[in-house]
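Participant: Here you go, one structure.
2 protein chains.
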Amino acid sequence: MQAIIASTSTIHGSSYLEYLKPALKTHFDKVDEVLFIPFARPGGISHQHYTEKAKKGLEDIVHIVKGLHECKDMKKAISEAKAIFVGGGNTFLLVKQLHDLGLMSVLKQSIIKGTKYLGTSAGSNICGVSMQTTNDMPIVYPPSFETLGILNFNINPHYQDPDSSSTHKGETRETRIKEFQNLNPVIVVGLREGSWIKMEGSHIILEGNLPAIIFEPGKQAYELSPKSLINF
Amino acid sequence: MQAIIASTSTIHGSSYLEYLKPALKTHFDKVDEVLFIPFARPGGISHQHYTEKAKKGLEDIVHIVKGLHECKDMKKAISEAKAIFVGGGNTFLLVKQLHDLGLMSVLKQSIIKGTKYLGTSAGSNICGVSMQTTNDMPIVYPPSFETLGILNFNINPHYQDPDSSSTHKGETRETRIKEFQNLNPVIVVGLREGSWIKMEGSHIILEGNLPAIIFEPGKQAYELSPKSLINF
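Here it is as structure tokens:
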């Protein structure tokens, strides 16, 4: 499996996918066409507009970006793609669409047999065992929370540290993840914005300049330095 | 129906339920015993510990606080209660338990026939049409997102305004609610911490010192002043 699994598509003060471009040039080397899955629809944007945004973001990197919504046979398109990009947005919406259309296992098989994968935010969340550590609002009811499971742990994208100066009484991200682990024995990797995971077969590396925060059930959370191997 | 539906149990710099005590003294006047539903388990706290916390929070107000988990016949306990308090925590967990145990409609009927209700956070979320505007993490998979529907709109508790100084690229609360309304024609009331809704029959009033923010599908969000009638 070859995948880039990023916390976010965009970092502060930079354009869409800009910070990832050097990594994407290598990742999509010799790739002419990327199949884009626009189902997560950030801000309710249409599939077509979202695909145009992806096309612009990848314009120096690949020649053709095709939206999955344009494909008559979506299963075939996913199976035959050389590279796939799943964009961010709402994870519930993305997961519901993939399950409803019978695409979750097709996508998994395609990645396993070598299709190069790029995920950002919701598109990274689905690489874990389940979508249960998403930050998103349950705007639709998916038939299952199970996801691709190409990683043997869960991702929490856009990870935010507790803000000790905050007067807000809603749960912190850390509390939410611990509530999850109280009921589910699954490791969670909190990926800060600007971090990504680079997967080359069984070789899984933390990329970007920031440490990730690792939650193992029953243990104190700890930080993992950039360029470390992720191996549980 | 007589209900207090609060954004949060606790405001900054104040103890559990403290800011609500004057309102609760009136609401639970002539009430000797409150049935506490501890299923949302904030931070993974046990049902027993959570019930003890509720008991302490209500100690100047009612004599007896009984945890629903202690009741052999939960349906009967809910039907016969004079007053019910549903505490906050994780909304997915709360809703799953209520559905799995067949208690959602029993609770609704009990409130309709006059049982005094208090909800905080997740316990307020479930008063809406659905739990789909919760801020919580999907740590368990409920059989449905439908909730009590004693209000004809949805609640977003712990409402937070967009922070214009933030460099974080995750969705704002407003964006999330608009993504929800893009697919669901349901009005959402964003309740800031310190605000609550007081329901006396069909008379529904915004209480506390802060305005609420009202999202009507297809309209610009607007603020509603304290002491205003909520009537859609």
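Protein sequences appear in the order of chains S and R. Everything in the first sequence is counted per my numbering, starting at 1 for the first residue and increasing by one. Everything in the second sequence is counted per my numbering, starting at 1001 for the first residue and increasing by one. Using N, Cα and C, we set each Cβ at its ideal position, and we do this for glycine too. Quick caveat, the model's predicted, so the values are computed rather than measured.
1) Using a Cβ cut-off of 9 Å (strictly closer), state whether residue 1189 of chain R contacts chain S.
2) Is the shortest distance between the beta-carbon of residue 9 of chain S and the beta-carbons of chain R less than 9 Å?
3) Per DSSP, which one or two residues make a beta bridge with residue 1002 of chain R?
4) Three Cβ pairs or more, each shorter than 8 Å: is that satisfied between the region 1053 to 1071 of chain R and the region 184 to 199 of chain S?
5) I'd like the span of the beta strand (DSSP E) that includes residue 1179 of chain R, first residue to last.
6) I want to see whether chain S comes within less than 9 Å of residue 1145 of chain R, judged by CB atoms only; does it?
7) Would you say residue 1039 of chain R and residue 1058 of chain R are within 9 Å of each other, going by their C-beta atoms?
8) Quick one: give me the first and last residue of the alpha helix (DSSP H) that residue 111 of chain S is part of.
9) Would you call the region 171 to 185 of chain S and the region 124 to 135 of chain S touching, i.e. three or more CB-CB distances under 8 Å?
10) Identify whether residue 129 of chain S lies in helix, strand or coil by the three-state DSSP scheme.
11) Quick one: which residues of the region 122 to 135 of chain S get their C-beta closer than 9 Å to a C-beta of chain B? List them in chain order.
12) Distance, Cα to Cα, residue 1125 of chain R vs residue 1004 of chain R?
13) Give every residue of the same chain whose Cβ lies closer than 7 Å to the Cβ of residue 1151 of chain R, excluding the five residues on either side of it in the sequence, and list them in chain order.
14) DSSP three-state label for residue 50 of chain S, please.
15) Taking 8 Å as the cut-off, does the region 60 to 73 of chain S touch the region 42 to 49 of chain S (at least 3 CB pairs, one atom from each stretch)?
16) Quick one: list the residues of chain S neighbouring residue 1044 of chain R, beta-carbon separation under 7 Å, in chain order.
17) With respect to the alpha helix (DSSP H) encompassing residue 1076 of chain R, which residues constitute its N-terminal and C-terminal limits?
18) Could you check the C-alpha separation between residue 1093 of chain R and residue 1139 of chain R for me, to the nearest Å?
19) Sort R/1196, R/1204, R/1220 by Cα distance to residue 1212 of chain R and report the nearest one.
20) What residue range does the beta strand (DSSP E) around residue 85 of chain S cover?
21) Determine the extent of the beta strand (DSSP E) in which residue 34 of chain S is found, giving its start and end residues.
22) Closest by CA to residue 164 of chain S, which one among S/158, S/157, S/172?
23) Kindly list the residues whose CB is nearer than 6 Å to the CB of residue 1186 of chain R, restricted to its own chain and excluding five residues on each side of it in sequence; keep chain order.
24) For the alpha helix (DSSP H) that residue 1023 of chain R lies in, which residues bound it at each end?
25) So which of R/1110, R/1076, R/1145 has the shortest CA-CA distance to residue 1096 of chain R?
26) Take residue 111 of chain S and list the residues in its own chain whose beta-carbon comes closer than 6 Å to its own, dropping the five residues that flank it on each side.
27) Span of the alpha helix (DSSP H) holding residue 95 of chain S?
28) List the endpoints of the continuous beta strand (DSSP E) containing residue 1236 of chain R.
29) Name the two residues that bound the continuous beta strand (DSSP E) containing residue 224 of chain S.
30) Let's see if you can read the secondary structure: which residues bound the beta strand (DSSP E) around residue 214 of chain S?
31) Assign residue 1019 of chain R to buried or exposed, taking buried as 16 or more other Cβ atoms, counted over all protein chains shown, within 10 Å of its Cβ.
32) Note down, in chain order, every chain R residue with its Cβ under 9 Å from the Cβ of residue 158 of chain S.
33) Could you give the residue range of the beta strand (DSSP E) that holds residue 188 of chain S?
34) Excluding sequence positions up to five away, which residues of its chain have a Cβ less than 6 Å from the Cβ of residue 1091 of chain R?
35) For residue 175 of chain S, which residues in chain R fall below 7 Å Cβ to Cβ?
36) Is the Cβ of residue 1149 of chain R closer than 9 Å to any Cβ of chain S?
Facilitator: Looking at the coordinates:
1) Within the second sequence, the letter at position 189 stands for residue 1189 of chain R. No - not a single Cβ of chain S is within 9 Å of the one on residue 1189 of chain R.
2) Taking the first residue of the first sequence as position 1, residue 9 of chain S is located at position 9. Yes - at least one Cβ of chain R is within 9 Å of the one on residue 9 of chain S.
3) What you label residue 1002 of chain R is simply residue 2 of the second sequence in a count that begins at 1. Note: residue 1002 of chain R sits in a beta bridge opposite R/1200.
4) no
5) Walking along the second sequence from the start, residue 1179 of chain R turns up at place 179. That residue, residue 1179 of chain R, is in no beta strand (DSSP E); its alpha helix (DSSP H) goes 1173 to 1183.
6) Taking the first residue of the second sequence as position 1, residue 1145 of chain R is located at position 145. Yes - at least one Cβ of chain S is within 9 Å of the one on residue 1145 of chain R.
7) Working through the second sequence from its first residue, we reach residue 1039 of chain R at position 39. Working through the second sequence from its first residue, we reach residue 1058 of chain R at position 58. Their beta carbons are not under 9 Å apart, which means residue 1039 of chain R does not touch residue 1058 of chain R by this criterion.
8) Position 111 of the first sequence holds residue 111 of chain S. Looking at the DSSP string, the run of the alpha helix (DSSP H) that includes residue 111 of chain S is 104 to 112.
9) yes
10) As a working mapping, residue 129 of chain S is identified with position 129 in the first sequence. Three-state result, residue 129 of chain S: coil.
11) The structure shown contains no chain B; the protein chains it does contain are S and R.
12) The residue labelled residue 1125 of chain R in the question sits at position 125 within the second sequence. The residue labelled residue 1004 of chain R in the question sits at position 4 within the second sequence. One C-alpha to the other measures close to 12 Å.
13) Locating residue 1151 of chain R in the second sequence gives position 151, counting from the first residue. Result list for residue 1151 of chain R: 1127, 1128, in chain order.
14) Here residue 50 of chain S corresponds to residue number 50 of the first sequence, with the count starting at 1. Residue state, collapsed to three classes: helix.
15) yes
16) Along the second sequence, read from residue 1 onward, the residue named residue 1044 of chain R stands at position 44. Within chain S, the residues near residue 1044 of chain R are 178, 179, 182.
17) Here residue 1076 of chain R is taken as the residue at index 76 of the second sequence, counted from 1. Where residue 1076 of chain R is concerned, the enclosing alpha helix (DSSP H) stretches over 1074 to 1080.
18) Position 93 of the second sequence, counting from 1, holds the residue named residue 1093 of chain R. Position 139 of the second sequence, counting from 1, holds the residue named residue 1139 of chain R. Cα to Cα, residue 1093 of chain R sits roughly 7 Å from residue 1139 of chain R.
19) Reading the second sequence from its first residue, position 212 is the one you call residue 1212 of chain R. If we check each option's Cα against that of residue 1212 of chain R, R/1196 comes out closest.
20) Taking the first residue of the first sequence as 1, we reach residue 85 of chain S at position 85. Run containing residue 85 of chain S: 83 to 86, per the beta strand (DSSP E) assignment.
21) As a first step, residue 34 of chain S must be located in the first sequence, where it is residue number 34. Looking at the DSSP string, the run of the beta strand (DSSP E) that includes residue 34 of chain S is 33 to 37.
22) Sequence index remark: in the first sequence, residue 164 of chain S carries index 164 (1-based). When only C-alpha atoms are compared, the closest one is S/172.
23) Along the second sequence, read from residue 1 onward, the residue named residue 1186 of chain R stands at position 186. Answer for residue 1186 of chain R: 1129, 1154, listed in chain order.
24) Here residue 1023 of chain R is taken as the residue at index 23 of the second sequence, counted from 1. Run containing residue 1023 of chain R: 1021 to 1027, per the alpha helix (DSSP H) assignment.
25) The count along the second sequence starts at 1 and reaches residue 1096 of chain R at position 96. With distances taken between Cα atoms, residue 1096 of chain R lies closest to R/1145.
26) Residue numbering aside, residue 111 of chain S sits at position 111 when the first sequence is read from its first letter. Excluding positions up to five away in sequence, the list reads 1, 117, 150.
27) Along the first sequence, one-based indexing puts residue 95 of chain S at 95. 91 to 100 is the span of the alpha helix (DSSP H), which, as asked, contains residue 95 of chain S.
28) Outside the displayed span of chain R (1001 to 1232) sits residue 1236 of chain R, for which this structure offers no information.
29) Working through the first sequence from its first residue, we reach residue 224 of chain S at position 224. Segment 222 to 224, the beta strand (DSSP E) holding residue 224 of chain S.
30) What you label residue 214 of chain S is simply residue 214 of the first sequence in a count that begins at 1. Unbroken beta strand (DSSP E) run through residue 214 of chain S: 212 to 215.
31) If you number the second sequence from 1, residue 1019 of chain R lands on position 19. So residue 1019 of chain R ends up on the buried side.
32) As a first step, residue 158 of chain S must be located in the first sequence, where it is residue number 158. Chain R residues near residue 158 of chain S: 1168, 1169, 1170, 1171.
33) Position 188 of the first sequence, counted from the start, is the residue given in the question as residue 188 of chain S. Segment 188 to 190, the beta strand (DSSP E) holding residue 188 of chain S.
34) Taking the first residue of the second sequence as position 1, residue 1091 of chain R is located at position 91. So the list reads 1122, 1125, 1131, 1134, 1136, once near-sequence residues are dropped.
35) Against the first sequence, residue 175 of chain S aligns to sequence position 175. Result: 1043.
36) Within the second sequence, residue 1149 of chain R is the residue found at index 149, counting from 1. No, its Cβ sits nowhere closer than 9 Å to a Cβ of chain S.
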